[in-house]
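J.:
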Amino acid sequence: MRYSGFKILKEALSGHKGWTPAWRNPDPKSHYDIVIIGGGGHGLATAHYLASKFSQCNVAVLEKGWIGGGNVGRNTTIIRSNYLLDGNEPFYEFSLKLWEGLEQDLNYNAMVSQRGILNLIHSDAQRDAFIRRGNGMILHGAGAELLSADQVRREYPFLNFDDARFPIKGGLAQRRGGTVRHDAVAWGYARAADSRGVDIIQNCEVTGFHIENGTCVGVETTRGYIGAGKVGVAVAGNSSRVMAQAGMRLPIESHVLQAFVTEGLKPVLPGVITFGAGHFYCSQSDKGGLVFGGDIDGYNSYAQRGNLPVIEDVAEGGMALFPGLGRVRLLRMWGGVMDMSMDGSPIIDRTHIDGLYFNGGWCYGGFKATPASGWCFAHLLATDTPHDVAKAYRFDRFRRGRMIDEKGMGAQPNLH
Amino acid sequence: MIINHPLLGPCDAQEFTYLGDARLIDRPDGMAGDAEDAFYHYAYLRDNPAGEHRELWFHEQGDRSWLVVTRNTVTHQITSVELARDVARKQGRGV
Amino acid sequence: MNRLPTGGQIDRTTRLRFTFDGLPYYGHAGDTLASALLANGVRLMGRSFKYHRPRGVLSAGSEEPNALVQLRKGGRQEPNTRATVAELFDGLDAASQNAWPGLKLDALAINDRLSNFLTAGFYYKTFMWPAAFWEKLYEPIIRRAAGLGAITTDADPDGYDRGFLHCDLLIIGAGPAGLAAALTAGRAGACVILADEDFCMGGRLNVETHALGDQSGADWAAGVVAELASLPNVRLLARTTVLGAFDHGIYAAVERVADHLGQPEQGKPRQILWRIYSGRAVLCAGAIERPIAFANNDRPGIMLAGAMRAYVNRWAVTPAQTVAVFTNNDDGHRTARDLMAQGVDVAAIIDTRADAPACDGVQVMAGAQVVDSSGRLGLKSITVRQANGQEHRLSIGALGVSGGWNPNVALSSHQRGRPEWDDAIAAFVPGGALPQGMQVAGAALGQFSTQGALAAGAGAAIQALSDLGKTAQAPDLPMAEDGEVRITPFWHVGGTKARAWLDFQNDVTVKDVTLAHQEGFRSVEHLKRYTTLGMATDQGKTSNMGGLAVMAELTGQSIAQTGTTMFRPPYTPVALGALAGRSVGRDFRPTRLTPSHAWAVEQGAVFVEAGMWLRAQYFPRTGETGWRQSVDREVRATRGSVGVCDVTTLGKIDVQGRDAAAFLNRIYCNGFAKLAVGRVRYGLMLREDGIAMDDGTAARLADDHFVVTTTTANAVAVFRHMEFARQCLWPDMDVQLISTTEAWAQFAVAGPQSRALLQKIVDSEFDLSNDGFPFMACGEITVCSGCPARLFRISFSGELAYEIAVPTRYGDALMRRLMDAGREFDVTPYGTEALGVMRIEKGHAAGNELNGQTTALNLGMGRMVSDKKDSIGAVLSRREGLQEENGLRMVGFMPTSPQDRVIAGAHLLEKGAALRAANDLGYVTSACYSPTLDSYIAIGFLKAGDTRLGDVLRAASPLTGHDTEVTVVSPHFVDPDGGRLRA
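Protein chains in written order, with the working numbering: chain G, 6 to 421; chain S, 2 to 96; chain R, 30 to 1012.
(1) Determine the chain G residues that contact S/Asp-48 at a beta-carbon separation under 8 Å, and present them in chain order.
(2) Thinking just about the alpha-carbon of each residue, which of G/Arg-399, G/Thr-267 and G/Gly-182 is nearest to the one in G/Lys-102?
(3) From R/Ala-942 to R/Asp-661, what does the alpha carbon distance come to, in whole angstroms?
(4) Exposed or buried, R/Met-30, counting other C-beta atoms within 10 Å across all chains shown (16 or more means buried)?
(5) Whose Cβ in chain R lies nearer than 9 Å to the Cβ of G/His-21?
(6) For the 8 Å Cβ check, are there 3 or more pairs between the segment 574 to 592 of chain R and the segment 521 to 533 of chain R?
(7) Since G/Glu-160 is in the alpha helix (DSSP H), which residue starts that stretch and which ends it?
(8) Whose C-beta lies closer than 7 Å to the C-beta of R/Asp-949 among residues of the same chain, with five residues either side of it excluded?
(9) Using the three-state DSSP reduction, which class does R/Met-467 fall into: helix, strand or coil?
(10) Where does G/Pro-162 land, buried or exposed, given buried means 16+ other C-beta within 10 angstroms?
(11) I'd like to check one pair, R/Gly-432 with R/Val-352: are the Cβ atoms closer than 8 Å?
(12) Can you pull the DSSP bridge partners for R/Val-354?
(13) Taking the alpha carbon of R/Glu-284 as the reference point, which residue from R/Gly-273, R/Gln-295, R/Arg-515 and R/Arg-268 has its own alpha carbon closest?
(14) Counting contacts by CB-CB distance shorter than 8 Å, is S/Asp-22 in contact with chain R?
(15) With 16 other CB atoms within 10 Å as the buried threshold, where does R/Trp-759 fall?
(16) Per DSSP, R/Leu-1014 is paired with what?
(17) Under 8 Å, do R/Pro-329 and R/Arg-72 count as touching if we go by C-beta distance?
(18) Measuring only between beta-carbons, confirm whether G/Asp-291 sits less than 8 Å from chain R.
(19) With DSSP as the reference, please indicate the residues paired to R/Val-413 in a beta bridge.
(20) What does DSSP give as the partner residues of G/Thr-226 in its beta bridges?
(21) Taking R/Val-413 and R/Met-394 to be in contact with their CB atoms under 8 Å, please state how far apart those CB atoms are, rounded to whole angstroms.
(22) Among G/Lys-12, G/Leu-14, G/His-21 and G/Thr-82, which has the Cα closest to the Cα of R/His-546?
(23) Using a cut-off of 9 Å between C-beta atoms, extract the partners of R/Gly-614 located in chain G.
(24) Rounded to whole angstroms, how far is the Cβ of G/Tyr-369 from the Cβ of G/Ile-301, which I believe are closer than 8 Å?
(25) By alpha-carbon positions, which one of R/Gly-652, R/Ala-629, R/Thr-740 and R/Asp-389 ends up nearest to R/Gln-646?
(26) Any chance you could list the alpha helix (DSSP H) runs of at least 4 consecutive residues sitting entirely within the segment 149 to 233 of chain R, in chain order?
(27) Taking S/Met-32 as the query, report the chain G residues whose CB atoms sit under 8 Å from its CB, ordered along the chain.
(28) Along the chain, where does the beta strand (DSSP E) that runs through S/Glu-53 open and close?
(29) With DSSP as the reference, label G/Gly-237 as helix, strand or coil.
(30) Quickly, what does DSSP pair R/Lys-972 with across the bridge? List them, please.
(31) Using a C-beta to C-beta distance shorter than 8 Å, which residues of chain G count as neighbours of R/His-936?
(32) Measure the alpha-carbon distance for R/Leu-333 versus R/Leu-212 and round it to whole angstroms.
(33) Suppose contacts are defined by Cβ-Cβ distances below 8 Å. Is R/Leu-843 in contact with G/Leu-330 by that definition?
(34) Consult DSSP for G/Cys-381 and reduce its assignment to one of helix, strand or coil.
(35) If you run the structure through DSSP and keep just helix, strand and coil, what is R/Trp-656?
(36) Looking at the structure shown, is G/Arg-132 part of a helix, part of a strand, or coil, going by DSSP?
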């Protein structure tokens, strides 16, 4: 079924009887060419691109709960490609380009809104670092603008320019950055993959891998054994748990990141803004809520909830930046489990087990990566070679000393 | 969270700084023949369990003790707190 | 007027004036904005989010989805305030929101006409063509229509506080269960906190007519509250909402100190965020009534039955002169009885149960349903379908609806608890693993009778105290109502094409749930996210249950199988100001001042933030027109004679013990074991992953005593790292560490006249001659006739230079002495800018180079990493990726035209190479104008830079519009042989 304004009109006039499920709810088959574990954004995007770009349609996505129930369903919805390092920037720029054409590709309005992202500058050293980054972005074709404090003030007059502990000295803007309606990303990919024959199987938890002579040939699940030519794992915060079933230890820790939304407000914040002197980033959703977040709580956790110190810290950052927020009410907070890698950058790679492929280590930046992650993982699964923009995302980079450490924090996941 | 410091009693976890898996105590010998492989495993690979986890916390805004806290990463329940120095000694670390 | 002549817990002697949408009204002390508006006959209070439907109050509490208003003006403007909990004060100024031009005639009510097109999730299916129109056209329209209230962007003028409380027992909710629990624990001497969101404690006791013993519920509650207030071990927190249950018995609560006043009293905060550390907690949060969905069930005048009697009993307000009740349970009948008792005309009780009991004085229509309503801006009539199928109209001004009560389980589910279905009350009750130390009592646990709640509260307190090793006895509790729950679940009236509302605020109707089901959005989370059910400011307190029930009906599953969505903090929305407390504005973070700060202020210094520190950036002099002029002068003066700079911010760590040298030998990648006493050495610290962590110096003051310095930025992290090594890696080394950053004031005294200046300060028995105190010497000395000090002959500037440290309390005095004594040398204070210029001229790495991504090899110090010992980071620094011959090396750059600016952050490319990432050869890290060389200079990292000295490259910064031709040079621009250092 093709979605359009005309279709809505037609259905409205005929009692909405013609709408059909956005995706089927099939029982698993006994064997697939490719099984993807994890019905989150990355897993569903992988399925879509496998089917649409690599003609691989005998594919199943296995999800232990309901699709889109992980980090794609609980994040701050930001997209951007303002990375520093050569290992990252081409990948995220590829992703941003895919976002730009997503709705037409999926026939699903995920509300990709290029409202711009602005990283604020509060010190000379920070400006030097942002100039290096912005120039890198321009060299990679991603575009960047350096704003003076006055220019920032013109766009965001209500920020704290006059009574700030850390005065705003400018900003690095990427106008093509923005936000996307996060749930719709999962649903749009699911619907598109399903329409090409991909089986999306919910409430199907993988409990073990079948590995014969060093080759993965299938998975045990709560809905029985499913054979597979290849198995791709894209389970974010659960990466270590799942890969432990294949006997692997990963360069990953699971940490909780909290995010927040306020009550709905009439439009006040034009774009995405990140505070450079505290842990706070914010945008306003189409519904009117200010969506914001800060730092991870900092300890290993699988609990999908955090604690007060970080909540207070984030609120302090928000108030320090935007003193008019005082009477805005926080409506809801939630926690997601982040697959924090040892250098803050992801892994899309084969494993030492033939037929078993891994996609993870996205830290708290996985949402914006969804399209490129799906495409590159599909590329790897279909062709057994890494996509050009993801070729640095290998497991062995740690052994070989080729870390991609944007923040320069070293092998300590909670600092990335 | 509250960490029951073996010397100071219950303290808000906010007073502490977190490092990670207590296996970071088990630093390999840098002069050994297989040092590069051993250090790769030591520095980069983690069990990252969903369940009981022994982990290092530093009482930065307190007495500057490093502690080994045994905490469940699913429930956040803490079952034991030890001085990391005692743990290190028990594990045979000396000078 | 709808104010009843008698009754209620309002102070009729106090008349409070307020305005709503500019019109003046009067109410009484004890009123909420909602009760006062109802008393004035105002039913229309808001508009819904999506269809802009006219709305009045649904509830009498914080679960209110409809009656949201904008309170106050200017920086105090407060959107989305629930009129049902806004305490009336004299001068209160409220306005309606989400309506234009006005509440009665709202242009966007057109959406209601278009509702057939604006079904659940319609926006996912359209607005895709043409692609560029989303940001330009569709989205701006949607955004303007969406949102609820508005804020001004003015700063909030009110203050907020945060506080910490400790107790044995936290009791959440001061209804019958909570009061009984508090009385039990309070009398037993336990440390008790009782928190309630209302301004008057008592919960449903204040709104019901049940007697407790020979008293009214409200009187009994007031008596208990008075006794609790007299107990020193009990803290009563009214107007306080417990927002969330966090780990290990920690709760967050916000106390609204001044929201019931025009503005906070002088010096008082508006609100306080309490972090409560509890031994045990009893959740006595009561229950929330749920509506029944039927066609057009959202008109002003249609409200929850329990709320209707709350208005009558507590506030002496009837929502209309003629009312009716629609119910599926006995509790609805109470509303009819209470209203009749107050003389309100009750037209009928429409009870969905075929076996509905009779009710004295009013017709009970058993097995009947309300199938529609009318009235554009307020209810005028309802259509009732009798059990026999006949339909007829009832003209009424208000309808009380009761679909049963949901235990308020929210806080029990903030961690791992998941509610469980209880058939007996047709509702979810707390289940699964509750937060550590929490029990639930009373209606929150499904114990709906007053008697049951009282007993359960007392019992829970006894149990909680017993867990803590304390004993308590149940107080004599009064006899009270002990009725059982009689309910036959009924969720929505079917057989209609009209819309029947489930989520009032977000305009989610039964039809939307049906469509979600049809399209496969059947899990509760998909249902919620696709339809927005339960995502409004009330977080589904009155709507989720109905939505779940309709979905369960459609899927053929039980409600228990269907399950609930997640309950998340905060329980009710909380002002961000309260969460931030006083850490706002300039107090966002502490400000650390250097020992010479007051002196620098006197000199008119310009300051700059350096982490938490505030440092003098430069010292402008009269006549200087720009910062560059001042900085150039400071550099020239220092290099020409002598300058002084406060470097206290550098981290200082005292290292003592027999194994101090051996310890540092493992911390630094270069050797320290053989450093002689009285000598200083530069040290480079690596992280265990082989990347440079920090650099500084270590001075050996005695065999077993070193003083280590770190960079300002890494002082804390380096100390933590060294303690880790000491306690966790080598626990038996005899070494002790203490951070002395704050204990010593330290000044760099640099320049050819620095020795001459110091000789005037340092006591004469100490030999400062080049032989007596050579480059890299250190020692403990005295200055100014006996003041203890430490002297280090080290140099960041590249000049003959010293750093001198005195106990912090003498720092200010020493700075003044140095300035006095240096007058003859024209001593010049210099700030961080000149410091930075001189270190670039000298080619020292600093924060921009030690960026956490660079190795010793990158920094040109590869040979410092000793392979003769086991030091932290040495092994992993040898990995192939970090040892590439073609890797980045730190070099210097001079523009081919000296006055062409080189920009820090510029990227390096071959001359003539296109601006493409493939041509990227490295980047500039630090750049400045060198007054010494009369040229811009820079340092940075260049691929194989050590082999490219003399090559001409392009330093391009398209971001800033700079593109400079530069020559690769040694980073040591000034005195590369170090002759000046040793002079």
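Beta carbons: idealized from backbone N, C-alpha and C, even for Gly.
T.: Looking at the atomic coordinates:
(1) Under the 8 Å cutoff, chain G gives Ser-245, Ala-249 and Arg-254.
(2) When only C-alpha atoms are compared, the closest one is G/Gly-182.
(3) Taking the straight line joining both Cα atoms gives about 34 Å.
(4) Exposed is the call here.
(5) The answer, in chain order, is Asn-145, Thr-148, Lys-540, Thr-543, Leu-544 and Gln-547.
(6) They touch, by the three-pair rule.
(7) Annotation for G/Glu-160: the continuous alpha helix (DSSP H) segment containing it runs 154 to 160.
(8) Excluding positions up to five away in sequence, the list reads His-936 and Leu-938.
(9) Strand at R/Met-467.
(10) It counts as exposed.
(11) Result no, Cβ atoms of R/Val-352 and R/Gly-432 do not sit closer than 8 Å.
(12) The beta-bridge partner set that DSSP reports for R/Val-354 consists of R/Ile-378 and R/Gly-429.
(13) Looking at the Cα atoms, R/Arg-268 is the closest of the given residues.
(14) Interface with chain R (8 Å Cβ-Cβ cutoff): S/Asp-22 is excluded.
(15) When all chains shown are included, R/Trp-759 counts as buried.
(16) Residue 1014 of chain R is absent from the model: chain R starts at 30 and stops at 1012.
(17) The Cβ atoms of R/Pro-329 and R/Arg-72 sit closer than 8 Å to each other.
(18) Chain R contact via Cβ: present.
(19) The partner list for R/Val-413 (beta bridge, DSSP) reads R/Val-399 and R/His-421.
(20) Checking the DSSP bridge columns, you'll see G/Thr-226 partnered with G/Val-211 and G/Gly-229.
(21) About 6 Å separates the two Cβ atoms, so the contact holds.
(22) Out of G/Lys-12, G/Leu-14, G/His-21 and G/Thr-82, the CA that lies nearest to the CA of R/His-546 is found in G/His-21.
(23) Per Cβ cutoff of 9 Å: Asn-165, Asp-168, Ala-169, Arg-170, Met-324, Ala-325 and Pro-328.
(24) Yes, G/Tyr-369 and G/Ile-301 are in contact; Cβ-Cβ is about 7 Å, under 8 Å.
(25) For the residues R/Gly-652, R/Ala-629, R/Thr-740 and R/Asp-389, the minimum Cα distance to R/Gln-646 belongs to R/Ala-629.
(26) With a minimum length of 4 residues, the continuous alpha helix (DSSP H) runs that stay inside the segment 149 to 233 of chain R are 168 to 174 and 205 to 216.
(27) Within 8 Å of the CB of S/Met-32, no CB atom of chain G is found; the nearest one sits about 19 Å away.
(28) Per DSSP, the continuous beta strand (DSSP E) segment holding S/Glu-53 begins and ends at 53 to 59.
(29) In the structure shown, G/Gly-237 sits in a strand (DSSP, three-state: E or B).
(30) As a beta-bridge residue in DSSP terms, R/Lys-972 pairs with R/Leu-917.
(31) Under the 8 Å cutoff, chain G gives Arg-137, Asn-140, Gly-141 and Leu-144.
(32) Cα-Cα distance, rounded: 31 Å.
(33) At least 8 Å separates the beta-carbon of R/Leu-843 from that of G/Leu-330.
(34) Under the three-state reduction of DSSP, G/Cys-381 is assigned to helix.
(35) Looking at R/Trp-656 - three-state DSSP - the assignment turns out to be helix.
(36) G/Arg-132 carries a helical assignment under DSSP once its states are collapsed to helix, strand and coil.
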